[in-house]
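These notes are about the structure you will find just below.
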Amino acid sequence: MNLLSIFSRNKNQKQPVKSEAPAHWVKCKSCQSLMYYKEVENQKHVCPKCGYHIRIGVKERIELLADEGTFVEYDDNLKPVDPLEFVDKISYKQRLEDAAKKTGKNSSVVSGECEMNGVAAQLVIFDFAFMGGSLGSVEGEKIVRAVNRAIEKRHGLIILSASGGARMQESTFSLLQMSKTSAALAKLANHNLPYISVLTDPTMGGVSASFATLGDIIIAEPGALIGFAGQRVIEQTIGSALPDGFQRAEFLLEKGSIDMVVNRNNLKQTLSDLLTLLKVA
Numbered sequence: 029m030n031l032l033s034i035f036s037r038n039k040n041q042k043q044p045v046k047s048e049a050p051a052h053w054v055k056c057k058s059c060q061s062l063m064y065y066k067e068v069e070n071q072k073h074v075c076p077k078c079g080y081h082i083r084i085g086v087k088e089r090i091e092l093l094a095d096e097g098t099f100v101e102y103d104d105n106l107k108p109v110d111p112l113e114f115v116d117k118i119s120y121k122q123r124l125e126d127a128a129k130k131t132g133k134n135s136s137v138v139s140g141e142c143e144m145n146g147v148a149a150q151l152v153i154f155d156f157a158f159m160g161g162s163l164g165s166v167e168g169e170k171i172v173r174a175v176n177r178a179i180e181k182r183h184g185l186i187i188l189s190a191s192g193g194a195r196m197q198e199s200t201f202s203l204l205q206m207s208k209t210s211a212a213l214a215k216l217a218n219h220n221l222p223y224i225s226v227l228t229d230p231t232m233g234g235v236s237a238s239f240a241t242l243g244d245i246i247i248a249e250p251g252a253l254i255g256f257a258g259q260r261v262i263e264q265t266i267g268s269a270l271p272d273g274f275q276r277a278e279f280l281l282e283k284g285s286i287d288m289v290v291n292r293n294n295l296k297q298t299l300s301d302l303l304t305l306l307k308v309a
C-alpha cells in the first residue's frame, strides 16, 4: 500500500451528514452582542445588553401576555380566498399555501380570549411571519368578530399589531378592512368598553392608518417602526432627509402620537392595570 492510497478519498464512501442542530446563539441586531438563546428567552426576547426588542411570533406573544392555560382561540377555521385570482411573481393562492406551511396558521391574525393577571380580555395578535402580517378580508373579519365578542361579554379589547399594511393581492377588498374595522371599534366605544392598541415592530401602511391608531390607549414597544409610508419613500417625495429616529416609537411618543412606550417585560402588568382602570361594568 502506497501513501497515495492511504490519503486518497474513496468516492463511494458515504460522507457524514451535518446535523440540523438548533441555533444555540442569538446575535442582537442592534449591539451585535452574541447571547445564549436561553438567556434571550428568559428575557422575553429582549437583549440584556442594550434592551433591543427582538421580533417574536404569536406563540411567544400568548405566553408573554396570557395567564397560563387561559387563552382560547376563536375563528381559526377562517381562510382567505382569491377572488381576483391575483398573480405577481407567483399566485396569491401559492403565497397563502406557503405562509400556512411556514406558520401553521390560515391567516396573519390569531384572535381569542384570555386572562391577564386575572383580568379577562379579547386578544388579537398579528403574525408578521404570515405574509408580512398584511391585512386582508379574513384578518378584518377576525377583528370585527373580536369586537363583537368584547361587546357581548363586556370585555376590553387588545390588538397587537405587526404588519406591513394592506394586502395588495386582495386590492380593494383589503382596503375595505380599514373602514370595516374602524366602524366596529366605534361600536365598541359606544358601549363604553376600552380598546388598547399595542404597536410592535413594524406597524406600517393601512394598519397604522386605521385600527392600530384608534386605541383609547396606544402603546408601543421600544424601538418599534411605526408609520404609513417608508422613510426612503418620504425622503424621495419631499426631497430632504428625515430626522434621526423618525417613525420610531420614542420619536412618536415625543411628538404626542402615542401614549406610552412600554418594555416587553412590563407589558402584561401594564395592560391588566389599564383594563382594570378603564373597564366599565
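Every letter in the sequence shown is one number past the one before it in my numbering, and letter 66, counting from 1, is 94. Glycine residues also receive a C-beta, built at the ideal position from the N, C-alpha and C atoms.
| query | result |
| --- | --- |
| Which stretch, first to last residue, makes up the beta strand (DSSP E) that contains S225? | Y223 to T231 |
| On a Cα-Cα basis, can you pick out the residue from V290, S268 and R195 that is closest to I224? | V290 |
| Tell me which residue opens and which closes the alpha helix (DSSP H) that V166 is part of. | S165 to K181 |
| Could you give the distance in angstroms between the alpha-carbon of L281 and the alpha-carbon of A240? | 15 angstroms |
| So, under 8 angstroms CB-CB, Q205 and G164 are touching, yes? Tell me the CB distance rounded to an integer number of Å. | 7 angstroms |
| Report yes or no: do three or more beta-carbon pairs, one from the segment 80-90 and one from the segment 161-178, lie closer than 8 angstroms? | no |
| What does DSSP give as the partner residues of H81 in its beta bridges? | V74 |
| Just the Cα atoms here: how many angstroms apart are T265 and A194? | 21 angstroms |
| Out of curiosity, what's the CA-to-CA distance linking E67 and Y80? | 14 angstroms |
| Rounded to whole angstroms, what's the CA-CA distance from G132 to N105? Just pull it up for me. | 12 angstroms |
| For Q71 versus Y120, is the C-beta spacing smaller than 8 angstroms? | no |
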